[in-house]
Amino acid sequence: MTDVSPIALLSGIIAQGGKVAADSYRDCDGYGPLVTAGLVRREGLVSSVLCEACDIGHEAPVLYESDTYGHVCPEAGFVPMARGDLIAIAPDLEVLATQIAGALGCRERAPRHIGDGIWHVGTVRTEAADVGVYFCARLQTSDDLHLLDAALRDQVRRRFGLVLTAHGTLQMPGMTTAPLDQVIGFDGARGCLVADADPTTLVNAPITRKGGRPNLHGERIRAIIADRTTSSQAEVGNNAEVRAILAEYQQKHPNEPQPSRSTIRRHLSAARGGS
Numbered sequence: 496m497t498d499v500s501p502i503a504l505l506s507g508i509i510a511q512g513g514k515v516a517a518d519s520y521r522d523c524d525g526y527g528p529l530v531t532a533g534l535v536r537r538e539g540l541v542s543s544v545l546c547e548a549c550d551i552g553h554e555a556p557v558l559y560e561s562d563t564y565g566h567v568c569p570e571a572g573f574v575p576m577a578r579g580d581l582i583a584i585a586p587d588l589e590v591l592a593t594q595i596a597g598a599l600g601c602r603e604r605a606p607r608h609i610g611d612g613i614w615h616v617g618t619v620r621t622e623a624a625d626v627g628v629y630f631c632a633r634l635q636t637s638d639d640l641h642l643l644d645a646a647l648r649d650q651v652r653r654r655f656g657l658v659l660t661a662h663g664t665l666q667m668p669g670m671t672t673a674p675l676d677q678v679i680g681f682d683g684a685r686g687c688l689v690a691d692a693d694p695t696t697l698v699n700a701p702i703t704r705k706g707g708r709p710n711l712h713g714e715r716i717r718a719i720i721a722d723r724t725t726s727s728q729a730e731v732g733n734n735a736e737v738r739a740i741l742a743e744y745q746q747k748h749p750n751e752p753q754p755s756r757s758t759i760r761r762h763l764s765a766a767r768g769g770s
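Dropping the structure here:
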C-alpha cells in the first residue's frame with residue numbers, strides 16, 4: 496500500500512465516510528503530501544478499533560481506564576493501546592473542492608457546499624461551452640444518487656456537467672461522472688492538485704479554441720515510456736517502472752508541474768497492453 500498516489504489514497508479515506516485511524520495510513524507514500532496540503536486534518540481519536548489480540552477480528556469501542564487507552568477483548572480482556580495509535584483523521588472536503596477548482600481553472604474559486612459530501616466546485620469556461628463541475632464524495636448506492644439529485648435541483652444546470660467522485664461508478668442522468676483520481680493528480684514538487692484530464696473532453700463538449708488545454712502530461716510520458724522500452728531500460732515491475740518514469744520526467748522538466756503516479760501508471764498500462 497506504500498506506492499499509492501496521494502489522490503487514490505485520499506479517495507480511499509473519503510470512501511469510508513468519516514474519520515479513520517491515522518496509523519493505518521502513515522506508512523503510505525501519499526499520506527504526508529495530503530497532510531501538508533491540508534486535504535486531511537486531525538479529528539481527535541477514533542471511537543473503535545479492530546481487535547488484533549484474538550483470532551475473531553471483532554470491532555471494539557475504545558475505552559479509557561486507569562489513565563490508559565485500550566479496548567476489551569472477550570478472550571484477552573483489557574488490551575492497552577498507545578494514544579498515538581488512536582489518532583483520527585478526516586478529509587477536508589472544502590479544501591479539496593477549492594483545490595480542484597484551482598487545478599481545473601474554474602472561474603469561481605469559492606466552491607459551495609450544496610449537500611452531504613456534495614460541492615459545486617465551479618465552472619470551466621471555454622469559447623464553445625461551459626462545464627459545471629461538482630464533487631460528490633460517494634456514488635455507490637441509489638441513496639447516494641438520490642442525495643446528489645436533490646442537491647442539484649436548486650442549482651443552475653449547465654448544458655455540460657461533470658461530477659467527480661471518490662467512490663462509486665453510478666451515473667447522474669444528464670451529466671458525466673468520473674473518478675476523482677482519473678481527473679485530478681498531485682504535483683509533489685509544488686504540493687498541490689493538478690489537472691490530469693480536460694473536463695471539456697470528458698463531457699464531450701465542443702472545443703473551438705486553438706492550442707487549448709491538453710491532457711497535460713500524456714505526450715511526454717508516452718515519449719519517455721517509448722524511449723525506455725526501445726533502450727531496454729524499462730523495469731519489469733509496473734511500480735518500479737512508474738517510479739523510474741517519474742524520476743526521468745522530473746529530471747527533464749524540473750520547473751514544470753509533475754504528473755501523478757496514477758497518470759503515469761495509466762499510460763504505462765496502456766503501453767503494456769493493460770498489464
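Residues 496 to 770, numbered by the numbering used here, are exactly what the sequence shown covers, in order. We put the beta carbon where it would ideally sit given N, CA and C, even for glycine.
Query	Result
According to DSSP, H608 sits in a beta bridge with which residue or residues?	W614
Kindly indicate the opening and closing residues of the alpha helix (DSSP H) around Y520.	No alpha helix (DSSP H) contains Y520, which DSSP labels as neither H nor E.
Pairing CB atoms from the segment 583 to 597 with CB atoms from the segment 559 to 573, are three or more of them under 8 Å?	no
Less than 8 Å between the beta carbons of G610 and L640, yes or no?	no
If you draw a straight line from the alpha carbon of A596 to that of D550, how long is it in whole angstroms?	46 Å
Which class does A585 belong to by DSSP, given the choice of helix, strand or coil?	strand
Restricting to Cα atoms, I'd like to know which of R537, P528, I719 and F573 is closest to A548.	F573
Under the three-state reduction of DSSP, which class applies to S561: helix, strand or coil?	coil
If I follow the unbroken beta strand (DSSP E) through G627, where does it start and stop?	D625 to R633
Let me check understanding here. Comparing Cα to Cα, which of Y526, L545 and V544 lies closest to R537?	Y526
Please go through the same chain and pick out, in chain order, the residues whose beta-carbon is closer than 8 Å to the beta-carbon of G533, but skip the five residues on each side of it.	D587 and V590
In terms of alpha-carbon separation, which member of T660, T593, G617 and L675 lies closest to R652?	G617
Beta-carbon of R738 versus every beta-carbon of chain D: anything under 8 Å?	Judged by its chain identifiers, the structure shown contains no chain D, having just a single protein chain.
How about the segment 505 to 513 and the segment 682 to 701: do they share at least three Cβ pairs that are nearer than 8 Å?	no
Per DSSP, V651 forms a beta bridge with which residues?	V651 is not bridged to any residue.
Mark K514 as exposed unless 16 or more other C-beta atoms lie within 10 angstroms of its C-beta, in which case mark it buried.	buried
If you compare alpha carbons, which of A555, C546, L581 and G612 is closest to G539?	L581
Just to confirm, is the Cβ distance from T660 to P674 under 8 Å?	yes
When you compare only the Cα positions, how much space is there between H608 and F681?	23 Å
DSSP state of T695, grouped into three classes?	helix
Measuring alpha carbon to alpha carbon, tell me which residue in A742, V698, V731 and P694 is nearest I716.	A742
Given a cut-off of 8 Å on the beta-carbon distance, is the pair A592 and F630 in contact?	yes
My output table needs one value for H641: the three-state DSSP class, helix, strand or coil.	helix
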